[in-house]
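Residue numbers (my numbering), protein chains in the order written: chain A, -8 to 540; chain B, -8 to 540. Positions of the beta carbon are idealized from the N, C-alpha and C atoms, including for glycine. These numbers come from a predicted model, not from an experiment. To start, the structure itself, in structure tokens.
Okay, structure coming up:
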């Protein structure tokens, strides 16, 4: 019998190896340095411990000769409501922050942030503080705000010329029963006169309108459609604060600060170019797209220069903009924006990186709706020798064969370099093969997908299937200012604790891969990879030193 | 430009065809009769209409030349809480029953029920009524039941010898403050003396302990681990009522009646053989496994004979038993059961069909734990020329690389003919290929998976990926007595409304496929397929006549 068992176990090992052979981490796992091997084992051990102690799950290890990771979950006790590793992010956030695994991930060099929407990349508190530095930012409401309606009214901000402020200072505030509906009130006045009877104050009211809270995601808005309504409303509040030249300058810098604080050293940021202008510094004039891209480029250069002056140049390699418009435009309108994008690319070749369409895929136009102008754009770029690829959102859906799911066909056929989300990709055998063959990277945003109710928790997310099928992946935060997942550490955490196959090396491979899929020139990319490799080596030494005392 | 667009659309069509070429319904869709084509279109039209009217979703159709099903969801209004097609089953059940789609599915010939656990196949109300026909069934409680504790106490039933009843009739009932904890009280006494102050009555209390309600599945027990605790407790209550020879006889017949009522004409039923006996008719003696299989076989034959006498022989082809034990046994204990199973197979070659292990995969032993006896069993069967295959549960988990997920490797390497659930199969490229190549059918149980919290709703279920990857699938109800999904119609419904690729023909292909994967001899299977084909033709005519007046 024992020879039969041995031969069975040999076949089993072979099958598992074949089954996982497409994974991006396999090559790395065959070539670990002794320190990397030690760090990998350490992190698996801490993860197991914290699954038990923090998330109240016990991992039983069934000893099987030559077969690793053969483990069983079972529940132990309760501290959180419904605890398990990879559980609902907004409920678990504070608990996640308390773990050693999170602290280990936080320090990791993350490579590139490839999927984030500028308007939602900065913490809500930070954004509000930036806005408060500008007393000419005003707020209005469709009616006087009181305890009965405050939960349903969204703050409507706009910067006004300083000259108008004096008069507005004299009007009754938005919370006064004498408030004149629809009139602007200076933000500081509204804030100072916010009555104590209205709960936790003006700031709390504003921030609640910018971020999604657990009750909304898991209670009142618990479907993909409902939570998108809340999500879209957040953007409308943010825009009033941020679409103002001086705030934007500081906001972009705050984004870069949050990047380096989290170990992200390069970013490609999607910005919504649908509005043709933002408000100029004087509160009256308008600043156009070209001026705006110039601001972005200036802030990148200033930020890099400041870091270099401090001897920290390696922390930040730079950032580029991805031109996006909302997929509600008419075909004719889109043509204007595609021309605009091409002009900007010529003017800012190193800052403008790609083109994309955004907005709720399942409510707005599919890619095929814009087929002709998109094909035309590709041809024009080719003819003019301009390297301005598509980076389409596609498949951010639970649908099977609906328009959003079918966007994946068009994204790939239109030659997208990466795919935003690709949540439904695992349903498509031919498309997974094309992603592997053409090295099309999927920008997967775990926390975003969970809060937007595509998945109820991380263990139910298709990422594990994507990795096992060898689909190129980079992890990203999407809209961290709204989802409260600033940096990429929270997303990395959810991925690490929800799989027994993935480990620290997997995260390392994904981080490095994010650089490989960045839209950088060959030389620039090689330089960034070299820096990352050094950072990684130091990082492994550092966590071993810290956690194996 | 138009030639570029045309060539694009041709490539697109080709890619979609390639991407869906592995689906089991492709051959059928190329060879529809005119009536089938009409029925397919009709059902898609009703589904679209009901998505809007019943589930408050609007389907927008984007017209694309030569591309079908290019549709978009968006929300319209609210009647249910969080409504969408494929939403939480227990919340939507009554709504589902009100739809035309459900009525159409209900009448469909479903083929074989390949995955259901005997102890949980009959409606709780029906079971309780069967038990109430036997006054010697008694109930006990660890303490007197009152309003404060009734939600936490499980009814503990057992049949007793009639001779003991008189004395027990005189004792205070379980709801009396004089109740002597742990003593048995006749069921009718407990029922008659149930005080009005304890809510909806004795029957309601018992049924609540047998079925999972929406509050439990989606509120208090909303994790895979917690809901399993409730699920397991349901079985303990059921067992006290059903593990009694005369009840079991009627219970098995009730199961078959529910099968034909739902268009299921053949069943392979898993039974838990871990307990070595059930209680005999006199309430004192014990009936062993062999006697029990004899009862099952008798009921099958009686039921068939009765139907044949009524000229309805085609409605029911028969049923077989799958021998299952709980995967908590020691290796030594398992050997006893494997021997027992083999002996029973020799005695009842046409009724005993296969062997399986059951119980929460993530808390109990993985298949590899029993490797030696399972390999030994296969060898013995082969040596003795006995056809007694494995039909293992495997991969009923959200885990990635844990023991439960790895059960898939062992199920396949041990030669399983079908896989129970295979929920995590889509994570495994090599295993999906093996399932295709070896024609291993996955018994997918959509409602079960959703209630047991592996998926939050049907659109998030991996079934769509399994179908697109060409994995052989049969749909089943698992534990309909506990999940309230009697028949397979509810499961078929959830599948149909959660995909734009699948249609009525897909369900027909899955139903026919369930017969092809049944453990029937070649002749018997051919006969059943022939009957199904006739029923299908009649069915198509019938629904067209009924819905196109």
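Member of the options whose CA lies at the smallest distance from the CA of residue i
i	options	result
residue 507 of chain B	B/90, B/434 and B/8	B/434
residue 177 of chain B	B/194, B/153, B/200 and B/195	B/153
residue 18 of chain A	A/505, A/496 and A/513	A/496
residue 192 of chain A	A/138, A/172 and A/235	A/138
residue 357 of chain A	A/384, A/46 and A/371	A/384
residue 494 of chain A	A/0, A/30 and A/-4	A/30
residue 23 of chain B	B/442, B/538 and B/528	B/528
residue 25 of chain A	A/531, A/540, A/537 and A/539	A/531
residue 511 of chain A	A/394, A/446, A/345 and A/453	A/345
residue 161 of chain B	B/12, B/485, B/323 and B/184	B/184
residue 12 of chain B	B/526, B/476, B/482 and B/457	B/457
residue 163 of chain B	B/181, B/248 and B/521	B/181
residue 448 of chain B	B/340, B/241 and B/208	B/208
Terminal residues of the beta strand (DSSP E) in which residue i lies
i	result
residue 256 of chain B	255 to 263
residue 541 of chain B	Because chain B here runs from -8 to 540, residue 541 of chain B falls outside it and cannot be looked at.
residue 346 of chain B	343 to 349
Range covered by the alpha helix (DSSP H) that runs through residue i
i	result
residue 314 of chain A	First-last for residue 314 of chain A: 309 to 317, but that is the beta strand (DSSP E), not the alpha helix (DSSP H).
residue 121 of chain B	115 to 123
residue 169 of chain B	Where residue 169 of chain B is concerned, there is no enclosing alpha helix (DSSP H), given that its DSSP letter is neither H nor E.
residue -6 of chain A	-7 to 10
Residue-chain proximity (residue i, chain A), Cβ-Cβ < 8 Å
i	result
residue 3 of chain B	yes
residue 68 of chain B	Legend: pLDDT at residue 68 of chain B = 34, less than 50; position of this residue unreliable, value from coordinates given subsequently. Output row for residue 68 of chain B: interface = no.
residue 482 of chain B	no
residue 249 of chain B	no
residue 529 of chain B	no
residue 160 of chain B	no
residue 456 of chain B	yes
residue 44 of chain B	no
residue 506 of chain B	no
residue 177 of chain B	no
residue 57 of chain B	Residue placement at residue 57 of chain B is flagged as unreliable, the pLDDT there being 33, under the threshold of 50; the coordinate-derived value follows with that caveat. No, residue 57 of chain B does not count as interfacial toward chain A.
residue 367 of chain B	yes
Contact under 8 Å by Cβ, residue i with residue j
i	j	result
residue 135 of chain B	residue 166 of chain B	yes
residue 472 of chain B	residue 243 of chain B	no
residue 415 of chain B	residue 401 of chain B	no
residue 492 of chain A	residue 463 of chain A	no
residue 6 of chain B	residue 421 of chain A	yes
residue 391 of chain A	residue 277 of chain B	no
residue 125 of chain B	residue 237 of chain B	yes
Test: residue i CB closer than 8 Å to a CB of chain B
i	result
residue -8 of chain A	yes
residue 491 of chain A	yes
residue 421 of chain A	yes
residue 459 of chain A	yes
residue 146 of chain A	no
residue 213 of chain A	yes
residue 61 of chain A	The predicted model places residue 61 of chain A with a pLDDT of 31, which falls under 50 and marks its position as unreliable; any figure quoted below should be read in that light. Chain B contact via Cβ: present.
residue 391 of chain A	yes
residue 418 of chain A	yes
residue 543 of chain A	Here chain A has residues from -8 to 540 only, and residue 543 of chain A is not among them.
residue 10 of chain A	yes
residue 167 of chain A	no
Residue i - partner residues in DSSP beta bridges
i	result
residue 131 of chain B	B/147
residue 269 of chain B	B/278
residue 434 of chain A	A/411 and A/465
residue 104 of chain B	B/258
residue 384 of chain A	A/411
residue 177 of chain B	B/129
residue 235 of chain A	A/270
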